[in-house]
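By the count of our numbering, the sequence shown reaches residue 811 at its end, each step adding exactly one.
This report refers to the structure that appears directly beneath it.
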Amino acid sequence: MLLPYSPEALTDFSQPGQQEAFRAALNIAAAGLGRTFPLIIGGKAVATPATYASINPSRPAEVIGHFAKGDAQSAADAITAATAAFETWQHTPVSERVRYLLHAAAELRRRKHEFSAVMVYEVGKSWAEADADTSEAIDFLEYYARQAMRLLDSSDQLAPYPAEQLSLTYIPLGVGAIIPPWNFALAIPMGMVAATLVTGNTIILKPAGQSPYIAWLLCELFWNAGLPAGVLNFVTGPGSVVGSALVNDPRTRFINFTGSREVGCQIYEQMAKVQPGQKWLKRATLEMGGKDAVLVDETANAEAAAQGIVASAFGFQGQKCSAGSRAILVDGIYDAVAIRVVELTKQLTIGAPDQSVQIDQGPVVDASAMNKIMEYIELGTQEGELLTGGRRVETPEGGYFIEPTVFGNVPGDARIAQEEIFGPVLALIRARDFDHALEVANSTDYGLTGAVFSARRDRLEQARAEFHVGNLYFNRKCTGAMVGVHPFGGFNMSGTDSKAGGPDYLLLFSQAKSVAERL
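If you want it as C-alpha cells, here you go:
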C-alpha cells in the first residue's frame, strides 16, 4: 500500500547539523572524483579508445570524471540491447516496475546530500539549488510510481456494456532515447527515466556532456536494485554523433529531450522522417527553453515583486528554462521596482559553491556558456542601460563566474528581451499600462513560464486568459515548479507542453489498447 504522494521536504540549511552533514557529503563526493567510466550497454561495461573529461566549472582544472566517448556504433549497440530487453520488460507487471522506482527513491533519500554535493562540484549549484534538484528527483520517483498504479489500467472508466467484457490498458511504446540537459542534472533525467521505465519501455540515456557523473549515479540506483540488463543503457559521447544516431535509428520509438530550441527543432525534423524498415511514427516529447517574463503593475507590492524578480532571474545563475529573464514593469511602478531590484542584485554573493552555504551565485556551466553570455552582455550595453553587473569575475582557478547583470529601459523587441541567454542577465522593460505589458510578454517565440504581480483581480483574470504560457504564477516568482503541484511544460517554441510531473505525463510513453470480449 502506498501512502498519498507529498513533495519531499527541502533541507533547512540554517540548522548547523545540516550544514555539517552537507560538508561531510562534499568530502565524500570529492573522494570519488577523477575516475574513468565506461558505457553500459546490455548490462556490460564497454570501454572506448577515447574519453572526455567532466570538469568543475568553479575550478576547470579539477576533473570530475573521465567518460567514454561513444559513437554511432555505440548507439546502435545500445538500441540492439534495449530492443532485446524490451521483449520481456514490457510484460513485467506494473507493480514490479513501480517497486524499482520506490527502491530508487528510498536509496536517493538516504544519500540525498551525497547526490546534491556531486552537483555542487559538477555543475556549480549552490547548496540550496542542489538540494532542491535532488528533492525533485525523489518527487518524480514517488509521484510516477503512484500515477502508474492509477493510470495504466483504465478499464473502470469505460461505460458499462453487459454484452462484452471490456478492458482499456496502456502498454509501452518500445525503445526510447532520453537526452536530458545539464541544468537540472539529476531531477530532469530522473523524471525522464522514471516515467519511461515504469510504463514498460527500455531506454538509452545519453546524458549531457557537462553532467555525466550525476547521470551515472542515477543509473546506479536502478542497476544496483537489480534492473534487468538492457533495460537502462548508459551511452556518453557527442550529441551530434550519439544523439543523432539514436534519433535516426528506425528501431527507436520515442525521443524524450530537454535542451535548447536549436537542438530540439533539429531532433523534431530528423525524427519526422520515416526510415527504411520503420513501422511507426516516432513520438516526440520536447522541452526547448523559454524567455520568461515577470509582469508588475502599479497596484503590486513593490518589495514582493522585486524579490520575486531577482529570485526568478538569478537562481542558479539564470541557467533555468523557467528563469524570469524579463521584468515588464508598468510605468507607474517602474522606478521603485528597478531601484530595489538593483539593490537586491548587488547583495548576491559570488563564489565556488562548495566553499560555503552562503554562496548565492556559482559559476556558469562552462567556457562556451560564459563566452556566449558575455557576448549578450556586450549587446545589452547597446540595447539598454547597464544598471549593475556586466563583468566576468576573475578567480585564481579561472572559474566561469559572471556578475548578475541588470539592464534597464530595454525595448521589448531588443534581442536581450527576445532571445534565451541562459545566464545571469535580466532585462527591465517599461510598459505603458497593463495591456501593453501583456502584449510585450506574449511577443516572444516562447511560452514556458510567467508571473504577474498585481492587487487587482480583474487583471489577474485577464492574465489567466491572455498570458500564453504553460506555467503561470500570480504574486510569486516564475521558477520553482513542484512535481504533482505545478505540472510543467510550455507552449510555442518552448516545446510540446509535455507537463512533466503532471497527471497525464505517463501517457506520453504509452499507447492505449482496448479489448472487448463478447460474452
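The beta carbon of each residue, even a glycine, is placed where N, CA and C say it ideally should be.
Only a predicted model underlies this, so the values are computations on that prediction, with no experimental measurement involved.
DSSP, reduced to helix, strand and coil, places I506 within a helical segment of the structure shown. Within the segment 295-335, the complete alpha helix (DSSP H) runs of at least 4 residues fall at 308-323. Per DSSP, the beta bridge partners of N763 are T741. Closest by C-alpha distance to I694, out of A709, L640, V566, is L640. In summary, G518 is exposed, with fewer than 16 beta-carbon neighbours lying within 10 Å of its beta-carbon over all protein chains present. Assignment of G781 by DSSP, reduced to helix, strand and coil, places it in the coil class. With respect to A479, E414 sits apart: the two C-beta atoms are not nearer than 8 Å. Under a 10 Å Cβ-count criterion, D796 is classified as exposed, with fewer than 16 other Cβ atoms of the shown protein chains found around its own Cβ. Each of F780, I470, K404, L718 was checked against the Cα of T741, and the nearest Cα belongs to F780.
Non-local C-beta neighbours of D369 in its own chain, meaning closer than 6 Å and more than five positions away in sequence, comprise I333, ordered along the chain. Each residue's CA atom was taken as its position, placing C557 and V467 some 21 Å apart. Linking G326 to L509 through their CA atoms gives a straight-line distance of about 14 Å. Secondary structure at K664: helix, using DSSP grouped into helix, strand and coil. Sequence-distant partners of L433 (beyond 5 residues in either direction) whose C-beta falls short of 6 Å from its own C-beta, in its chain, are L393, A396, A397, A486. Proximity of the segment 493-504 to the segment 358-374 meets the contact definition, three or more beta-carbon pairs being nearer than 8 Å. Nearest Cα to V622 within the set Q457, V717, F726, R545: F726. K805 carries a strand assignment under DSSP once its states are collapsed to helix, strand and coil. Inside the segment 541-570, DSSP marks whole beta strand (DSSP E) runs of 3 or more residues at positions 544-550, from first to last along the chain.
Straight through space, the alpha carbons of T591 and A747 are spaced by roughly 5 Å.
Between T340 and L331, the gap from beta carbon to beta carbon is short of 8 Å.
Selection V649, Y560, G324 evaluated against P308 yields V649 as nearest (Cα-Cα). For the options G616, V775, I347, L800, the alpha carbon positioned closest to that of V698 is the one of G616. If you draw a 10 Å sphere on the C-beta of H383, you find fewer than 16 other C-beta atoms in it, and that means exposed. Restricted to the segment 658-719, the alpha helix (DSSP H) segments that are unbroken, complete and at least 4 residues in length are 659-675, 707-710, listed in chain order.
Each of K574, I559, I651, R618 was checked against the Cα of R545, and the nearest Cα belongs to K574.
One Cα belongs to L465, the other to L798, and the distance between them is close to 11 Å. Assignment of P464 by DSSP, reduced to helix, strand and coil, places it in the strand class. Here A619 is not near V634, since their CB atoms are 8 Å or more apart.
K565 is classed as exposed because its beta carbon has fewer than 16 other beta carbons within 10 Å across all chains shown. Between Q311 and the set Q647, G643, D431, F766, the nearest pair of CA atoms involves Q647.
Per DSSP, reduced to three states, the secondary structure at Y436 is helical.
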